[in-house]
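Written out as C-alpha cells, the structure is:
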C-alpha cells in the first residue's frame, strides 16, 4: 500500500506537473477540452504506475489465506451462479449499493454527523467539466468508469483485502479495506458513503472471488453518478449545490 501511495503521489504530484511546467502548460488556463484530456492522461499514467508498482511488490511473495487467489480476474464462466458467478454478484451488488449507501447517508444525517458541505467531495475537481461537451464527458467517463475502477479495485480488493485475510476473518478485512478505500479519496464530505460502497465492493468480491465483479460495480456507480449530474444540469438544476448537499 505504501508503494502504491508513493507511486500515486510521485506521478500525480511530481512527474506530471513537472512535465507540464517544463512544457509551459498551465492547467488553470487550459480550455475545457484540453483540461479534460490532461485529466485523462494523468489518470492513465497513475493507473499504469500504480498497477506496475503493486505487481512489482507482490510478485516475489504475498501472504494469502489458503484458499485465496490474488488478482483473480476473468469474465468466463461461472457467470450468473450464486456460488461464484461474477456477473450475478455484480448485478446484485450494484442494485444493493443504492440501498446501502442511501441507508448510510440517512443514518449520518439522522445523528447530525453530516460533513461540512464546504469540505471536499469526490466529484468537486471535475464539476466544471460536467456538461461541457461530448469530448470532456467522454474523457471523464473513461477516467471515472474505467481507469479508476481498474486501479482501485486491484489495490483495495485484489491486494489489500485479500492480503488482510491472512491475519483476520474476511468480514474484518472487508471493513478495514473499506476504511482505507474511503480515506484514500481525501474527500471528507463523502467518507461515510465511500466506506459503505467499499463494503459492498469487498463483500461481492469475497463471494465471486473475481475482480471483474467489483470493477463492474465500481464502474457502473461512477458512470451513473456522472450521467445523473449531466441530466440534472440539463434540467436546469444547480448541480454544484446539489452535490454539496448530498443530492
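In the numbering used here, the protein residues as written are 36 to 282. Glycine is no exception: its CB is placed at the ideal position from the N, C-alpha and C atoms.
> For residue 101, is the classification buried or exposed, using 16 other Cβ atoms within 10 angstroms of its Cβ as the cut-off for buried?
Replying inline: For residue 101, the predicted model reports a pLDDT of 40, less than 50, meaning its position is unreliable; a value from the coordinates is still stated below. Result: exposed.
>> Taking the alpha helix (DSSP H) that residue 70 belongs to, which residues open and close that run?
In response: 67-93
>> Which runs of the alpha helix (DSSP H) at least 4 residues long sit entirely within the segment 249-282? Give them in chain order.
In response: 274-279
>> Going by C-alpha to C-alpha distance, which of 249, 90, 71, 264 sits closest to residue 185?
In response: 249
>> I need the straight-line Cα distance from residue 98 to residue 190, nearest angstrom please.
In response: Note that residue 98 has pLDDT 47, beneath the 50 cutoff, so the model's placement of it is unreliable and the number below is only indicative. Using only the alpha carbons, I get a separation of about 15 Å.
>> Looking only at its chain, what residues have a beta carbon closer than 8 Å to the beta carbon of residue 278, apart from the 5 residues adjacent to it on each side?
In response: 156, 158, 159, 162, 264
> DSSP on residue 201, reduced to helix/strand/coil?
Replying inline: coil
>> Using a Cβ distance threshold of 8 Å, determine whether the segment 239-253 contacts the segment 163-170, with at least three qualifying pairs required.
In response: no
>> Given this structure, state the Cα-to-Cα distance separating residue 276 from residue 194, to the nearest angstrom.
In response: 36 Å
> If you check the beta carbons only, do residue 87 and residue 171 fall under 8 Å apart?
Replying inline: no
> Just checking my contact of residue 199 with residue 216 at CB under 8 Å: how many whole Å lie between their CB atoms?
Replying inline: About 12 Å; that fails the 8 Å criterion.
> Taking one C-beta from the segment 258-273 and one from the segment 200-208 each time, how about it: are there three or more such pairs within less than 8 Å?
Replying inline: no
> How big is the Cα-Cα spacing for residue 92 and residue 197?
Replying inline: 14 Å
>> Can you list, in chain order, the residues of its chain with a C-beta nearer than 7 Å to that of residue 67? Leave out the 5 residues immediately preceding and following it.
In response: 164, 167, 168, 171
> Hey, residue 236 and residue 220: beta-carbon distance below 8 Å or not?
Replying inline: no
> For the alpha helix (DSSP H) that residue 183 lies in, which residues bound it at each end?
Replying inline: 183-188
> Can you tell which of 89, 268, 69, 122 has the C-alpha that lies nearest to the C-alpha of residue 240?
Replying inline: 122
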